[in-house]
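Numbering (UniProt numbering), first residue to last: 1 to 95.
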Amino acid sequence: MPTDVIANTTAAATIIRALNSPLRLQILHCLSQRDCCVYELVRELGRSQPLVSQHLRILKQSGLVSSHSCGREVTYQLTRREALNIAAIAASIAP
């Protein structure tokens, strides 16, 4: 198999793994509305801070989310809006 095909399928699998969680999809939806700090996501989603942070780490590693520090707070932002399109396509083909 050509190396470009392998690279593309590996990259696609990384994104699909990152989207493979209802909570991560909810986080992306929140971040599509505005940039948020962890405590805002915790409040909005009704989940624990460690759980939200763990999912944010996975989203950051996949390149879908980035963060920047402002004093003691870390603000997260959606970097790849296309991820929402992938989620919408997946929902439209689900049985």
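Where a beta carbon is used, it is the ideal one built from N, C-alpha and C, also for glycine.
Ser69: member of the beta strand (DSSP E) spanning 65 to 70, first to last residue. The continuous stretches of beta strand (DSSP E) do not include Leu31, which lies in the alpha helix (DSSP H) extending over residues 22 to 33. Per DSSP, the continuous alpha helix (DSSP H) segment holding Leu41 begins and ends at 38 to 45. Annotation: Leu51 is outside any beta strand (DSSP E); the continuous alpha helix (DSSP H) that includes it extends over 49 to 61. Cα atoms of Asn20 and Arg72: separation of roughly 30 Å, rounded to the nearest angstrom.
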